Amino acid sequence: MTAGPRRVGLTPGEIVRQAVLVLFGLLALFPLYFSLVNSFKDRVQYAENLLNIPSTLHPENYAVAWAQIQGPLLNSVIVTVTSVLATLVLASLSAYAFALMDFPGRHLLFGITFALLLVPEFLTLIPLYVQIRNLTLPSNYLAIILPTIAAGQPFAILVLRAAFEAIPKDMLEAARLDGAGHLQLLRRIVLPISLPILISVAIIRLIPVWNEYLLPSLVLDEAHRTLPVALVNFQGGGAATAVTPNYGALMASYVLSAVPLLVLFAFLMRYYIQGVTSGGVKG
Amino acid sequence: MTALPGFRPSPSPRWGTLARLRRGWPAYLFLLPTLLLVGYFSYYPAYIAVTRAFTDWDGLNVPNFTGVENFQRAVSDPVMGQATLNMAIWVVLGLILALVPPLLISELIFHLRGQRRQYAYRTLFVIPIVIPSLVLLLVWGSFYRSDGLLNNLLASVGLSGLRHDWLSDPGTALYSLIFLGFPYVDAFNFLLLYAGLQAIPQDVFDAAKIDGATGWRRVLRIDLPLLRPQLGLIAVLAIIGNVQYFISPLVLTSGGPGFATTVPALLMYFTATRDGEYGYAMAIAVLLMILVVALTGLSRWLSRGSR
Numbered sequence: 453m454t455a456g457p458r459r460v461g462l463t464p465g466e467i468v469r470q471a472v473l474v475l476f477g478l479l480a481l482f483p484l485y486f487s488l489v490n491s492f493k494d495r496v497q498y499a500e501n502l503l504n505i506p507s508t509l510h511p512e513n514y515a516v517a518w519a520q521i522q523g524p525l526l527n528s529v530i531v532t533v534t535s536v537l538a539t540l541v542l543a544s545l546s547a548y549a550f551a552l553m554d555f556p557g558r559h560l561l562f563g564i565t566f567a568l569l570l571v572p573e574f575l576t577l578i579p580l581y582v583q584i585r586n587l588t589l590p591s592n593y594l595a596i597i598l599p600t601i602a603a604g605q606p607f608a609i610l611v612l613r614a615a616f617e618a619i620p621k622d623m624l625e626a627a628r629l630d631g632a633g634h635l636q637l638l639r640r641i642v643l644p645i646s647l648p649i650l651i652s653v654a655i656i657r658l659i660p661v662w663n664e665y666l667l668p669s670l671v672l673d674e675a676h677r678t679l680p681v682a683l684v685n686f687q688g689g690g691a692a693t694a695v696t697p698n699y700g701a702l703m704a705s706y707v708l709s710a711v712p713l714l715v716l717f718a719f720l721m722r723y724y725i726q727g728v729t730s731g732g733v734k735g
Numbered sequence: 427m428t429a430l431p432g433f434r435p436s437p438s439p440r441w442g443t444l445a446r447l448r449r450g451w452p453a454y455l456f457l458l459p460t461l462l463l464v465g466y467f468s469y470y471p472a473y474i475a476v477t478r479a480f481t482d483w484d485g486l487n488v489p490n491f492t493g494v495e496n497f498q499r500a501v502s503d504p505v506m507g508q509a510t511l512n513m514a515i516w517v518v519l520g521l522i523l524a525l526v527p528p529l530l531i532s533e534l535i536f537h538l539r540g541q542r543r544q545y546a547y548r549t550l551f552v553i554p555i556v557i558p559s560l561v562l563l564l565v566w567g568s569f570y571r572s573d574g575l576l577n578n579l580l581a582s583v584g585l586s587g588l589r590h591d592w593l594s595d596p597g598t599a600l601y602s603l604i605f606l607g608f609p610y611v612d613a614f615n616f617l618l619l620y621a622g623l624q625a626i627p628q629d630v631f632d633a634a635k636i637d638g639a640t641g642w643r644r645v646l647r648i649d650l651p652l653l654r655p656q657l658g659l660i661a662v663l664a665i666i667g668n669v670q671y672f673i674s675p676l677v678l679t680s681g682g683p684g685f686a687t688t689v690p691a692l693l694m695y696f697t698a699t700r701d702g703e704y705g706y707a708m709a710i711a712v713l714l715m716i717l718v719v720a721l722t723g724l725s726r727w728l729s730r731g732s733r
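Here the protein sequences come in this chain order: G and C. The first sequence begins at 453 in my numbering and counts up one residue at a time. The second sequence begins at 427 in my numbering and counts up one residue at a time.
So, in structure tokens, the structure goes:
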């Protein structure tokens, strides 16, 4: 049915609903506000008041924070971008095979890939750590990139296969008659048509990769460690420790580490929302 | 017509299995990188975990088979008992936190008048995912400190008596970790429920209106039953996630004070990385996996049984 122009009025109920939503929304964003205002304070200002915007700013906190996290920030970008792109490339190849090619063992192999969604992460964490420790890799980055690509395959293949299957067969067969090979079909037709879905999968997958802490903390050496690992190290032990850290610089590092995702989501937010709500990830 | 080899709608029963295998080579080539990676980095470690659970593996040397010794040790270990209790509390409260705030928010937004307004608020509740999860953890860790925000707020409203170091007190440490991020509205869960509400046909709402089901009664009688698949999925994911979650106790409390915030998954991690008892750690991991599989099966059975 076509909903007529709904009345955009402000009834009392509407005002209450919006007030509750604004309150919850601000609470969810509060950690960001807290980090931002306190990143400009020195120790004394921090001890005096945790919530105000400081009268004299201390931007030098950002210099201290930047010196600490610029390396890890770059590492995180390298690891995340490489992992997500490689996940998409490999998953596209596999999803194409599962969706559009006929070969013996298709169902069995798809089942094998799909079943991985049921293998919990903590089960493989320690063996993976031992395995990678004993492996001689050309670059330490690969110690986290390769397992991350593998971990992303089931979800990406599942979503892409459904998308590829929905492409009209006529279009593919016409190109096929013109003499295009599978690789050409994939590159010239299937991938361009599926671009919005590829972006959705990339951005949904990007969040957990960017936030990943456990395996990187185990397998990456100091020069290659990623942002979450560096933040924990920078902070110097848990909140239960007695040492008072340099909060200003700490908060500045938190703000800096939110910037890349903030920039990304400024452009790609709708792909994330579409991806999650499109039904591609419904169980 | 044979101009379209390899396309699925045109299977060729004339060929023998061997010929079909040979014709299928491009497909196998396409799948090869994925299969190699998941084989080596997902299936092989899982195989190692399950088989080494029956050994005295130390992570370096050749393991000796010890039968079910590790499992007997795990079920009789009092620390494991405390950890399991902590996990049970975490799973139950975590389930409520995963379901209630996102449901409340998606209902409120869905009932707003006007597409633009709904879109704006939907965006507002997705924005917090730009905060890296470790940052959220560490900022909240600072809230809980004795000189932190929580105690400051309590003092400013005249409740100084309640001030304490939330993560160092065995009585509050576990709950502090569970409620970390409160009232965190998980963007994924929220979007899932919101999409579910949008998928309900307008006729159903119109019929409900005629029957006099509005407001809370509509939510209870129409929305909740029709959101069952989404709620079920969120519940399963929350349970699985919380059974294996141990990052906040690892980073903020190391499982302490005492064993107040130790959960089995954290125990598994420490047993391997700190004590070097990899075989025992894998036994704990296998027990947890059995629990995850059982709970997943149970919830699927529950949601199917009442349909």
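The C-beta atom is built at its ideal place from N, Cα and C for all residues, glycine as well. On a predicted model such as this, the values are computed, not experimentally measured, just so you know.
Closer than 8 Å, CB to CB, is residue i near chain C or not?
i, result
"Q522 of chain G", "no"
"F486 of chain G", "yes"
"T576 of chain G", "yes"
"W662 of chain G", "yes"
"T534 of chain G", "no"
"P579 of chain G", "yes"
"Y723 of chain G", "no"
"Y593 of chain G", "no"
"T729 of chain G", "yes"
"Q497 of chain G", "no"
"L545 of chain G", "yes"
"S511 of chain G", "Sequence inspection shows Pro at residue 511 of chain G; the Ser mentioned does not correspond to that position. Not one chain C Cβ lies under 8 Å of P511 of chain G."
With respect to the alpha helix (DSSP H) encompassing residue i, which residues constitute its N-terminal and C-terminal limits?
i, result
"F608 of chain C", "That residue, F608 of chain C, is in no alpha helix (DSSP H); it is neither H nor E in DSSP."
"R677 of chain G", "It is not in any alpha helix (DSSP H) - R677 of chain G carries neither H nor E in the DSSP assignment."
"M623 of chain G", "621 to 629"
"G523 of chain G", "512 to 552"
"L525 of chain C", "504 to 536"
"R644 of chain C", "641 to 644"
"D632 of chain C", "628 to 636"
"N668 of chain C", "654 to 670"
Give the residues of chain G in contact with residue i, contact being defined as C-beta atoms less than 9 Å apart.
i, result
"V630 of chain C", "In chain order: nothing, as chain G lies at least about 11 Å away."
"V518 of chain C", "By Cβ distance, chain G contributes nothing, its closest Cβ being about 19 Å from V518 of chain C, past 9 Å."
"R446 of chain C", "D554, F555, P556"
How many Å lie between residue i and residue j at the Cα?
i, j, result
"G690 of chain G", "S709 of chain G", "Annotation note: pLDDT 44 at G690 of chain G (below 50); position unreliable, coordinate value reported separately. Straight-line Cα distance between these residues: approximately 19 Å."
"V630 of chain C", "L534 of chain C", "18 Å"
"Y724 of chain G", "A613 of chain C", "10 Å"
"Q470 of chain G", "P528 of chain C", "15 Å"
"L447 of chain C", "P680 of chain G", "46 Å"
"Q726 of chain G", "R657 of chain G", "14 Å"
"F672 of chain C", "M715 of chain C", "15 Å"
"A692 of chain G", "Y610 of chain C", "Its pLDDT being 44, under 50, A692 of chain G is placed unreliably by the model, and nothing is read from it."
"E465 of chain G", "F696 of chain C", "Just to set this straight, residue 465 of chain G is Gly in the shown sequence, not Glu. Rounded to the nearest angstrom, the two C-alpha atoms are 52 Å apart."
"L585 of chain C", "Y570 of chain C", "16 Å"
Given that residue i touches chain G, what residues does it touch there, using C-beta distances under 7 Å?
i, result
"Q498 of chain C", "Under the 7 Å cutoff, chain G gives no residues; its nearest Cβ is about 20 Å from Q498 of chain C."
"L798 of chain C", "Residue coverage of chain C in this structure runs from 427 to 733, which leaves residue 798 of chain C outside it and unanswerable."
"V689 of chain C", "The contacting residues do not exist; V689 of chain C stays about 10 Å from chain G at best."
"G485 of chain C", "V582"
Can you list the residues of chain C that residue i reaches, using a CB-CB cut of under 7 Å?
i, result
"L479 of chain G", "P609"
"M623 of chain G", "By Cβ distance, chain C contributes nothing, its closest Cβ being about 12 Å from M623 of chain G, past 7 Å."
"F719 of chain G", "Near F719 of chain G there are no residues of chain C at all, since even the closest Cβ is about 12 Å away, more than 7 Å."
"A618 of chain G", "Neighbours of A618 of chain G on chain C: none; closest Cβ ~14 Å, over 7 Å."
"E573 of chain G", "Q670"
"Y665 of chain G", "L560, I673"
"S709 of chain G", "P558, V561"
Is there a Cβ of chain G sitting closer than 8 Å to that of residue i, yes or no?
i, result
"V526 of chain C", "no"
"S559 of chain C", "yes"
"S586 of chain C", "no"
"I515 of chain C", "no"
"V505 of chain C", "no"
"A621 of chain C", "yes"
List the residues of chain C whose Cβ lies closer than 9 Å to the Cβ of residue i, in chain order.
i, result
"T406 of chain G", "Beyond the ends of chain G as shown, which are 453 and 735, falls residue 406 of chain G; an answer cannot be given."
"S507 of chain G", "Result: empty, since nearest Cβ-Cβ is about 19 Å, beyond 9 Å."
"L713 of chain G", "I555, V556, I557, P558"
Using the beta-carbon of each residue, which ones in chain G are nearer than 8 Å to residue i?
i, result
"R548 of chain C", "I725"
In the stretch 548 to 568 of chain G, which residues sit with their C-beta less than 7 Å from some C-beta in chain C, listed in chain order? Y548, A549, L552, M553, D554, F555, P556, L561, T565, L568
Subject >> Contact list for the stretch 699 to 719 of chain C against chain G, Cβ threshold 9 Å >> reply: Those would be T699, Y704, A707, M708, A711, V712, L714, M715, V718, V719, in chain order.
(request) Using a Cβ-Cβ cut-off of less than 9 Å, list which residues of the stretch 565 to 578 of chain C approach chain G; keep chain order. (result) V565, W566, G567, S568, F569, Y570, R571, D573, G574, L575, N578
Task: the stretch 457 to 469 of chain C: positions lying closer than 8 Å to chain G by Cβ - done: Those residues of the stretch 457 to 469 of chain C that come within reach of chain G (Cβ to Cβ, closer than 8 Å) are L457, P459, T460, L461, L463, V464, Y466, F467, S468, Y469.
_Output needed in chain order: residues of the stretch 675 to 689 of chain G with a Cβ under 8 Å from some Cβ in chain C._
L679, P680, L683, V684, Q687
TODO: Check each residue of the stretch 633 to 657 of chain G: if its Cβ is closer than 9 Å to any Cβ of chain C, include it; give the result in chain order.
DONE: G633, H634, L635, L638, I656
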